[in-house]
Amino acid sequence: MSTKKKKKQSEQDVYRLPKWLKAIFIIMIAIVLLLGAAIVAIDVYLKIETGNSIVDDINYAREVVDESTEDTFKSSSGTIYYDVNGDVIGSENASGNGTSSTYLSYSEIPEDVVNAFIAIEDPTFWSNNGTSMSGLGRAFLGYIHIMDTDSGGSTITQQVAKNTFLSQEVSIDRKMKEIFMAMYLTNKYSKQDIMEYYVNQVYFANQVYGIEDAAQTYFGVSASELTLSQTAYLAAIPNRPSYYNPLENSSNAIGRRDRILKAMYENGFITESEYEQAIDEAIEIVTTEDAEDETSEDSDTGVSTETQKANATSYLLTYAEDCAEKYFADLYGITEDEASTMLAEGGYRIYTSLDPEVAISAQQAVDDTLSFSTSEDDNGYYLIQGAVTVIDNSNGKVIAVVGGRSQESTSTLYGLNRAFQSYRQPGSSIKPLVVYTPALMKGYEISDFETMVWKSDNTTAQNVFKDITPAYGISFLQKMDFAKIVEEDETLAAALGGLTNGVTTVEMASAYSCLSNSGEFVDPTCLTSVLNTEGEELYEESDSYQVYTADAADDMTEILKGVISEPTGTAYSMDWYESSNIEVAGKTGTTNDNKDGWFCGYSSGYTVTVWVGSDDSKAVSGNAGSTYPASIWKDVMLDLVGGEKEE
């Protein structure tokens, strides 16, 4: 090779890029092209779906943030629930909005609180521009749902933007606005300001907003007095408030607390010894004492009328929230945890069929009937408990629930609403639903088992169930959306109420209401209207459908009337017709060792189901469907229908 050619080759070698650098260059070009294509695609999508462009979203975000002031972040609206009269049952937090009722300035927020949220929610908080590349990537790819990861689906600044300025609509347009707002927030406010807004507005379950209220509610101390372990525990809750609810799922929250502490250690926020000490610390949730000593006290129950009303209202609110969460989860195709967050922060107006007068009456019936027992469990709650559900048969709507007994010495924040959250064995109260009404549809006659139903004969029930087959009988519970019915329930034991998981009073009320309505089933709910912040109606009634034939359901009703009216009937001793001439039908249910007592019954206008038992499924002396549950049922139904004339 000539010297000239060698020199030319040498010059080419000087300007030739190494292969690894060339590969990086190609990848960078590809990323830029993909990002550009994604932006164009999103812009086109937004124009088609909303009429807006990315430029429109940018301008909107800038205008909203420009108009904001410090006060803007202290008055985010929460969701409000209304009763059948249009009066407020309650809102998503005690102060009626989406911020803490005890607002802390940044200087008052403990450093551990700030570091805990940064470690788990937004590790680049101090340096990012309000968003993150991973968050942008998920938005561009269309992953609108918040992903279940330790870092969540949005930065802290994005969460402030969403909670303050936007609805909880799940759409790419809302996500883009959130991202741009977060950028403008970062330009307008300091990181300390943004952290202050976040810590005071973040949702901690059970209508609790802000770190100070959370510390007071769950640990009985100020935020400044929280231990490191308690701080991490509270920081766990906002990611999925229902799943990490301290009153219902404390073990879940403890698991996430441990991950937060590990993240704090790995990010250098705490030392190894602090980490180990916090991990070993036991978490003990406290409840507050009722301070209304001056209120009038009922001599029979030992609780004030005010406490009974507060309990009744609390149970109505938790049930309304549950109905709304289920509806939103179905409407938007999201989890109930995500729906809970939407409702907590979205400023919706939820109108319901719930009637406080009926609820208070039912609460008093439970308290009066069970007042003979004041024994408490290890948590300070009455051992013997009760639950009630009332349905208006004219439309299938739930109008009242009672989730437990009133008690002066405990907080109304106790999380268990037994009316819809406690699954119990139904005993013989299940027979009309899985044995006898299905049998009537198979060709049986009233005379084949009428008197056996009255006295709740178990042998007859099992023989009939075996004939029609357990699979056939159980299928009717599945048609009526009993949530925890499984294939293993298709056994002869189910004829007597032996189910794998059990049923709730809401489920039983909806099923008995179906019988009262000639076999036509309405999915139980209390919702009547759901309005967003723009006043748009989001609620649509579900269609009713036939579960039992009209003839079979009506014949079953005639049989069940005898349970109450005939001397051999198991509920004859309640002496219903000494108090009212309104025709009613019903069925008792009692499980082994009197662990569960049920009475499920109805008039033409209302269905009422009652359960009595203990939360730990221990035997309750004297508890049977014909005793405490029947007594409660009679009191509630009499208040509903009166004597001579049903209202």
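Residue numbers (my numbering): 102 to 748. For glycine and all other residues, C-beta sits at the position ideal for the given N, C-alpha and C. Fair warning: this is a prediction, and the values are worked out from it, not measured in the lab.
1. Thinking C-beta only, is K735 closer than 9 Å to K719?
2. With H, G and I counted as helix, E and B as strand and the rest as coil, what does DSSP make of Y729?
3. Give the secondary structure of W227 by DSSP, where H, G and I count as helix, E and B as strand, and everything else as coil.
4. In the DSSP output, which residue or residues are listed as bridge partners for Y709?
5. If you compare alpha carbons, which of F622, E439, A460, M553 is closest to G497?
6. Residues in its own chain within less than 7 Å of D590 by CB, not counting five upstream and five downstream?
7. Counting along the chain, where does the beta strand (DSSP E) carrying V261 start and finish?
8. Once you ignore the five residues that flank A466 on each side, which residues in its own chain have a CB closer than 6 Å to its CB?
9. For E422 and A430, which I take to be in contact (beta-carbon distance under 8 Å), what is that distance rounded to the nearest angstrom?
10. Can you tell me which of the three DSSP states T605 falls into?
11. Please report the Cβ distance between G706 and G687, rounded to the nearest whole angstrom; I am assuming they are in contact, meaning their Cβ atoms lie under 8 Å.
12. In terms of alpha-carbon separation, which member of Y613, A725, I181, D676 lies closest to N494?
13. Go ahead and pull the three-state DSSP assignment for Q522.
14. What is the rounded straight-line gap between the Cα of T538 and the Cα of L741?
15. Quick one: give me the first and last residue of the alpha helix (DSSP H) that K278 is part of.
16. Is it buried or exposed for K532, if we count other Cβ within 10 angstroms and need 16 for buried?
17. Cutting at 6 Å between CB atoms, please list the residues of its own chain near P625, excluding the five before and the five after it.
18. Helix, strand or coil for G191 per DSSP?
19. Does the count of Cβ pairs from the segment 549 to 568 and the segment 645 to 654 closer than 8 Å reach three?
20. Skipping 5 residues on each side, what residues in its chain have a beta carbon closer than 6 Å to that of M284?
21. What residue from E375, G544, F266, Q522 has the CA that sits closest to T69's CA?
22. Quick one: grab the DSSP three-state call for T419.
23. Leaving aside the five residues before and after G369 along the sequence, list all residues of the same chain whose C-beta is less than 7 Å from its C-beta, in chain order.
24. Enumerated in chain order, which unbroken segments of the alpha helix (DSSP H) with a length of 4 residues or greater are wholly contained in the segment 640 to 725?
25. Does the contact criterion of 3 or more C-beta pairs under 8 Å hold for the segment 478 to 486 versus the segment 661 to 669?
26. Which of the three DSSP states, helix, strand or coil, is assigned to K585?
27. With a CB to CB cut of under 6 Å and the five nearest residues on each side skipped, what residues in its chain are close to K585?
28. Once DSSP output is grouped into helix, strand and coil, what is the label at R450?
29. Does the structure place the segment 351 to 358 close enough to the segment 297 to 304 that three or more beta carbon pairs sit under 8 Å?
30. Run the CB neighbour count on N198, radius 10 Å, all protein chains shown included, and call it buried at 16 or more, exposed below.
31. Return the Cβ separation of T408 and S507 in integer angstroms, given the expectation that the two are a contact with Cβ distance under 8 Å.
32. Taking C-beta to C-beta, are L418 and I190 nearer than 9 Å?
33. Give every residue of the same chain whose Cβ lies closer than 6 Å to the Cβ of V713, excluding the five residues on either side of it in the sequence, and list them in chain order.
34. Let me see if you follow: with CB-CB separation under 9 Å, is V459 close to chain C or not?
35. Alpha carbon to alpha carbon, how far is T287 from I280? Give it in angstroms, no decimals.
36. Got a sec, what are the start and stop residues for the alpha helix (DSSP H) K292 sits in?
Reading off the structure:
1. For the purposes of this step, residue 719 is taken as the residue at position 618 of the sequence shown. For the purposes of this step, residue 735 is taken as the residue at position 634 of the sequence shown. Result no, Cβ atoms of K719 and K735 do not sit closer than 9 Å.
2. The residue you call residue 729 lines up with position 628 of the sequence shown. Three-state result, Y729: helix.
3. As a position in the sequence shown, residue 227 is number 126, starting the count at 1. If DSSP states are grouped into helix, strand and coil, W227 belongs with coil.
4. One-based indexing of the sequence shown puts residue 709 at position 608. In the sequence under discussion, the amino acid at residue 709 is Val, which differs from the Tyr named in the question. Residue pairing by DSSP places V709 opposite V491, G702 in a beta bridge.
5. For the purposes of this step, residue 497 is taken as residue 396 along the sequence shown, with counting starting at 1. Comparing Cα-Cα distances from G497 to each of F622, E439, A460, M553, the minimum goes to F622.
6. On the sequence shown, residue 590 is found 489 positions in, with the first residue counted as 1. For D590, where only same-chain residues beyond five positions count, the Cβ hits under 7 Å are I575, L600, T601.
7. Position 160 of the sequence shown, counted from the first residue, corresponds to residue 261. Run containing V261: none in the beta strand (DSSP E); it sits in the alpha helix (DSSP H), 257 to 266.
8. On the sequence shown, position 365 is the one that residue 466 refers to. Correct list, in chain order: I733, D736, V737.
9. Looking up residue 422 in the sequence shown gives position 321. Looking up residue 430 in the sequence shown gives position 329. The C-beta distance from E422 to A430 rounds to 12 Å, too long to meet the 8 Å contact threshold.
10. On the sequence shown, position 504 is the one that residue 605 refers to. T605 falls in the coil class under three-state DSSP.
11. The sequence position of residue 706 within the sequence shown is 605, counting from 1. The sequence position of residue 687 within the sequence shown is 586, counting from 1. G687 and G706 do not touch by the CB rule: their CB atoms are close to 14 Å apart, not below 8 Å.
12. In the sequence shown, residue 494 corresponds to position 393, counting from 1. Taking only the C-alpha atoms, the option nearest N494 is Y613.
13. On the sequence shown, residue 522 is found 421 positions in, with the first residue counted as 1. Helix, per DSSP.
14. The residue given as residue 538 occupies position 437 in the sequence shown. The residue given as residue 741 occupies position 640 in the sequence shown. A straight-line Cα-Cα distance of about 27 Å links T538 and L741.
15. In the sequence shown, residue 278 corresponds to position 177, counting from 1. Element bounds for K278: 273 to 289.
16. The residue given as residue 532 occupies position 431 in the sequence shown. Label assigned to K532: buried.
17. On the sequence shown, position 524 is the one that residue 625 refers to. Counting only Cβ-Cβ distances below 6 Å, and skipping sequence neighbours, we find V499, V607, S611.
18. Position 90 of the sequence shown, counted from the start, is the residue given in the question as residue 191. In the structure shown, G191 sits in a strand (DSSP, three-state: E or B).
19. No: fewer than three Cβ pairs fall under 8 Å.
20. If you number the sequence shown from 1, residue 284 lands on position 183. Listed in chain order, the non-local C-beta contacts of M284 below 6 Å within the same chain comprise N230, G231, local neighbours out to five positions each way being set aside.
21. Here the chain comprises residues numbered 102 to 748, so residue 69 is not present and cannot be evaluated.
22. Taking the first residue of the sequence shown as 1, we reach residue 419 at position 318. Annotated three-state conformation of T419 is helix, per DSSP.
23. Position 268 of the sequence shown, counted from the first residue, corresponds to residue 369. Around G369: no qualifying Cβ.
24. For the segment 640 to 725, the continuous alpha helix (DSSP H) assignments of 4+ residues that do not extend past its boundaries occur at 651 to 666, in sequence order.
25. Fewer than three Cβ pairs drawn from the segment 478 to 486 and the segment 661 to 669 lie within less than 8 Å of each other, which leaves the two stretches out of contact.
26. As a working note, residue 585 is residue 484 in the sequence shown. In this structure, DSSP gives K585 a state outside helix and strand, which the three-state scheme calls coil.
27. To locate residue 585, count along the sequence shown from 1; it is residue 484. Taking K585 as the centre and dropping the five residues before and after it, the same chain places the C-beta of Y524, N602 closer than 6 Å to its C-beta, in chain order.
28. Numbered from 1 along the sequence shown, position 349 holds the residue referred to as residue 450. Secondary structure at R450: strand, using DSSP grouped into helix, strand and coil.
29. Not touching, per the Cβ criterion.
30. Numbered from 1 along the sequence shown, position 97 holds the residue referred to as residue 198. Because N198 carries a pLDDT of 40, less than 50, the predicted location of this residue cannot be relied on, and no value is offered for it.
31. Translated into the one-based positions of the sequence shown, residue 408 becomes position 307. Translated into the one-based positions of the sequence shown, residue 507 becomes position 406. Between T408 and S507 a beta carbon distance of about 5 Å is seen, short of the 8 Å cut, so the two are scored as contacting.
32. Position 317 of the sequence shown, counted from the first residue, corresponds to residue 418. Position 89 of the sequence shown, counted from the first residue, corresponds to residue 190. For L418 and I190, yes; Cβs fall inside 9 Å.
33. Position 612 of the sequence shown, counting from 1, holds the residue named residue 713. Answer for V713: G487, G698, N724, Y729, P730, listed in chain order.
34. This model lacks chain C altogether; it includes just one protein chain.
35. On the sequence shown, residue 280 is found 179 positions in, with the first residue counted as 1. On the sequence shown, residue 287 is found 186 positions in, with the first residue counted as 1. Per the coordinates, the alpha-carbon of I280 lies some 11 Å from the alpha-carbon of T287.
36. As a position in the sequence shown, residue 292 is number 191, starting the count at 1. If you look at K292, you'll find it in the alpha helix (DSSP H) that goes 292 to 302.
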